[in-house]
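What follows is a set of notes on a single structure, which appears directly below.
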Amino acid sequence: MAQRRDQGQAQRQFATRLLHFNRSIDEATGAASTPIYQASTFHQERLDEAQEFDYTRSGNPTRQALEDYIAMLEGGTRGFAFASGMAAISAAAMLLSAGDHIICTEDVYGGTYRLLSTIMTRMNVETTFVDMTDLDKLKAALKPNTKAIFLETPSNPTLKITDIAAITAWAKECGLLTMLDNTFMTPYHQRPIELGVDIVLHSATKFLGGHSDVTAGLAVVANDSLGRRLKQLQNGLGTILGVSDSWLLMRGMKTLQTRMEAHERSARRLAEWLAAHPEVAAVYYPGLPNHPGREIHERQSSGYGAVVSFDVGSGERAKQLLGQVGIPLVAVSLGAVESILSYPAMMSHAAMPREVRHERGITDGLIRYSVGLESIEDIIADLEQALSF
Numbered sequence: 002m003a004q005r006r007d008q009g010q011a012q013r014q015f016a017t018r019l020l021h022f023n024r025s026i027d028e029a030t031g032a033a034s035t036p037i038y039q040a041s042t043f044h045q046e047r048l049d050e051a052q053e054f055d056y057t058r059s060g061n062p063t064r065q066a067l068e069d070y071i072a073m074l075e076g077g078t079r080g081f082a083f084a085s086g087m088a089a090i091s092a093a094a095m096l097l098s099a100g101d102h103i104i105c106t107e108d109v110y111g112g113t114y115r116l117l118s119t120i121m122t123r124m125n126v127e128t129t130f131v132d133m134t135d136l137d138k139l140k141a142a143l144k145p146n147t148k149a150i151f152l153e154t155p156s157n158p159t160l161k162i163t164d165i166a167a168i169t170a171w172a173k174e175c176g177l178l179t180m181l182d183n184t185f186m187t188p189y190h191q192r193p194i195e196l197g198v199d200i201v202l203h204s205a206t207k208f209l210g211g212h213s214d215v216t217a218g219l220a221v222v223a224n225d226s227l228g229r230r231l232k233q234l235q236n237g238l239g240t241i242l243g244v245s246d247s248w249l250l251m252r253g254m255k256t257l258q259t260r261m262e263a264h265e266r267s268a269r270r271l272a273e274w275l276a277a278h279p280e281v282a283a284v285y286y287p288g289l290p291n292h293p294g295r296e297i298h299e300r301q302s303s304g305y306g307a308v309v310s311f312d313v314g315s316g317e318r319a320k321q322l323l324g325q326v327g328i329p330l331v332a333v334s335l336g337a338v339e340s341i342l343s344y345p346a347m348m349s350h351a352a353m354p355r356e357v358r359h360e361r362g363i364t365d366g367l368i369r370y371s372v373g374l375e376s377i378e379d380i381i382a383d384l385e386q387a388l389s390f
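Reminder that position 69 of the sequence shown reads as 70 in our numbering, one-by-one numbering, no gaps.
This is the structure in structure tokens:
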């Protein structure tokens with residue numbers, strides 16, 4: 002019966018695949034929820050025959066269900082669940098060796114910047130940060146020891162757009178590994194493996210989980226060879242996602258499409274409203290007509306997402322606004338059912354030196370708004386009073 006349920010999986014619409022995936026129904030009992038196998042070890046029935054699970058660090062049925070789930074949604078061959086988004090990114094970075102060089106999006110998430118600029122350097126892995134909206138600048142950064150490219154599109158927090166297909170085509174010509182952080186778009190809006198990316202990464206804490214109640218990271222690989230290498234790292238490093246969090250993440254992912262559609266409707270209205278507001282110096286959102294990367298984004302993504310960044314002109318004004326809003330959480334993170342307002346200069350990108358932030362357009366007046374599921378009328382009214390204070 003399980004095999005019949007899975008037939009035609011690839012032909013089904015995304016909303017259906019979110020709910021009907023391998024192991025979504027427990028084969029032993031028919032339970033409508035994947036069981037939580039709260040076990041650290043598994044009895045070995047026959048020592049002369051390998052069995053699927055032996056020790057939870059190496060594999061667990063609950064975590065495996067999640068890993069199969071994200072691999073199916075992203076169109077990859079294998080998925081991996083980690084204790085956080087940075088644990089997933091760190092494991093992918095560990096595919097590199099001493100003496101290697103990586104090219105990375107310049108306005109990348111602050112945690113990724115910190116990993117590459119202060120931790121991987123101790124392993125003698127060098128990184129060059131470039132503006133990947135300019136393919137010529139990317140190509141100019143190539144060195145004899147370059148082994149990988151790390152992309153983030155839309156970038157965090159300035160929402161610059163990178164042409165995924167153009168970069169992966171060049172990377173394949175050069176024999177380079179490509180990794181892409183797909184946290185903002187999720188597989189609902191953007192499927193990088195279909196555009197040639199080798200490894201897709203997520204902070205599943207954000208939109209995939211969606212409820213500010215789980216910390217998790219996911220990785221999906223495009224081929225079995227990469228899968229074997231990343232599995233060795235996951236097992237060797239031991240930075241796995243716990244089984245209860247794996248279950249909680251699967252529960253959140255089932256409503257991904259419904260949430261993303263609602264998030265985006267409100268985000269588009271908020272971006273348009275902010276763009277017309279006299280107290281706002283700049284608005285960054287790929288759905289705006291004047292966004293420089295909109296055409297490329299529409300070629301590779303089916304939506305614009307739920308994150309809107311805007312500049313109020315100064316750090317003083319930004320802090321004043323943060324103190325006046327009443328609806329969003331003023332917090333680190335994004336992608337939840339409740340709106341979250343973040344101040345990159347002191348939160349997500351605090352690890353970046355001020356001059357580096359400013360070079361990348363992350364000014365002291367920049368604010369990042371992750372639009373939740375509240376009434377958009379209430380969100381706008383709340384920001385109106387905060388901006389006019």
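Just so it is clear, CB atoms sit at the ideal spot from N, CA and C, and this is done for glycine as well.
It should be emphasised that the depicted structure is a prediction, and the values quoted were computed from it without experimental measurement.
Distance between alanine 66 and arginine 24 (C-alpha atoms, nearest Å): Our two residues, arginine 24 and alanine 66, have alpha carbons roughly 6 Å apart in a direct line.
Own chain partners of glutamine 301 with C-beta closer than 7 Å, once the 5 adjacent residues on each side are dropped: Within the same chain, glutamine 301 has close Cβ partners Ile165, Ala166, Gln191 and Leu196.
Which residue from Gly243, Gly239, Ser98 and Leu271 puts its Cα closest to that of aspartate 383? For aspartate 383, the nearest C-alpha among the options comes from Leu271.
For alanine 99, collect the residues of the same chain with a Cβ closer than 8 Å to its Cβ; drop the 5 residues on either side in sequence, then sort them by chain order. Within the same chain, alanine 99 has close Cβ partners Met124, Asn125 and Val126.
Tell me whether lysine 148 sits in a helix, a strand or coil according to DSSP, three-state version. Lysine 148 sits in a strand when the DSSP states are folded into three classes.
Phenylalanine 15 - DSSP class collapsed to helix/strand/coil: The answer is helix: DSSP assigns phenylalanine 15 an H, G or I state.
Would you kindly work out how many angstroms separate the C-alpha atoms of glycine 211 and aspartate 49, rounded to a whole number? Going from the Cα of glycine 211 to the Cα of aspartate 49 covers about 43 Å.
Since alanine 170 is in the alpha helix (DSSP H), which residue starts that stretch and which ends it? Residues 165–175.
Express the C-alpha separation of arginine 318 and isoleucine 368 in angstroms, rounding to a whole number. Taking the straight line joining both Cα atoms gives about 10 Å.
For histidine 203, does the count of other Cβ atoms within 10 angstroms reach 16, so buried, or fall short, so exposed? That one is buried.
Is it a yes or a no for the stretch 78–91 touching the stretch 205–222, going by three-plus beta-carbon pairs under 8 Å? The stretch 78–91 is in contact with the stretch 205–222.
Reduced DSSP secondary structure (H/G/I, E/B, other) of serine 349: In the displayed model, serine 349 falls within coil according to three-state DSSP, outside both helix and strand.
Separation of aspartate 182 from alanine 16, as counted between CA atoms: Their Cα atoms are separated by approximately 22 Å.
What are the start and end residues of each continuous beta strand (DSSP E) run of 3 or more residues lying completely inside the stretch 315–364, in chain order? Counting whole runs of 3 or more residues, the stretch 315–364 contains the beta strand (DSSP E) stretches 341–343.
Checking the sheet assignment: what are the DSSP bridge partners for valine 221? DSSP lists Gly80 and Val201 as partners of valine 221.
Residues that phenylalanine 130 bridges to, as DSSP identifies them: According to the DSSP secondary-structure assignment, phenylalanine 130 is paired through a beta bridge with Cys105.
Would you mind sorting glutamine 4 into buried or exposed? The rule is 16 or more other CB atoms within 10 Å of its CB. Below a pLDDT of 50, predicted positions are generally treated as unreliable, and glutamine 4, at 39, falls in that range; the measurement from the model is reported next regardless. Around the C-beta of glutamine 4, fewer than 16 other C-beta atoms lie within 10 Å, and the residue is accordingly described as exposed.
Compare the Cα-Cα distances from leucine 152 to each of Gln14, Asn146, Leu136 and Lys144 and report the closest residue. If we check each option's Cα against that of leucine 152, Leu136 comes out closest.
Might you give, ordered along the chain, the residues of its own chain that have their beta carbon closer than 6 Å to the beta carbon of threonine 129, omitting 5 neighbours on each side? Cβ contact annotation for threonine 129 (same chain, cutoff 6 Å, sequence separation greater than five): Ile104 and Ala142, in chain order.
Neighbourhood of isoleucine 381 by C-beta, 7 Å cutoff - its chain only, sequence neighbours within 5 removed: If the five residues before and after isoleucine 381 are omitted, its C-beta is found closer than 7 Å to the C-beta atoms of Leu271 and Trp274, all from its own chain and listed in chain order.
Span separating the alpha-carbon of glycine 288 from that of threonine 163: When rounded, the separation of the alpha-carbon atoms in glycine 288 and threonine 163 is 15 Å.
So, with DSSP's three-state summary, where would you put methionine 95? In the three-state scheme derived from DSSP, where H, G and I count as helix and E and B as strand, methionine 95 is classed as coil.
Is the separation between the beta-carbon of leucine 238 and that of serine 91 shorter than 9 Å? At a Cβ-Cβ threshold of 9 Å, leucine 238 and serine 91 count as neighbours.
Helix, strand or coil for serine 310? Go by DSSP, reduced to three states. Under the three-state reduction of DSSP output, serine 310 falls in the strand class.
Is it a yes or a no for the stretch 27–42 touching the stretch 243–250, going by three-plus beta-carbon pairs under 8 Å? Look at the beta carbons and you see the stretch 27–42 touching the stretch 243–250: at least three pairs across the two are nearer than 8 Å.
Mind pulling the beta strand (DSSP E) runs of 3 or more residues that sit fully within the stretch 254–303? Assignment of beta strand (DSSP E) within the stretch 254–303, counting only whole runs of 3 or more residues, yields 283–285 in chain order.
Should phenylalanine 311 and valine 281 be called a contact, given that it needs their Cβ atoms to be closer than 9 Å? Using a Cβ distance threshold of 9 Å, phenylalanine 311 and valine 281 count as a contacting pair.
Rounded C-alpha distance that separates alanine 276 from glutamine 386: Here the C-alpha atom of alanine 276 lies approximately 16 Å from the C-alpha atom of glutamine 386.
As assigned by DSSP and simplified to three states, the class of methionine 180: Strand.
For arginine 369, name the three-state secondary structure that DSSP assigns. The answer is strand: DSSP assigns arginine 369 an E or B state.
I think serine 156 touches aspartate 108, with their Cβ atoms under 8 Å apart; what is that distance to the nearest whole Å? Correct: roughly 5 Å between the Cβ atoms.
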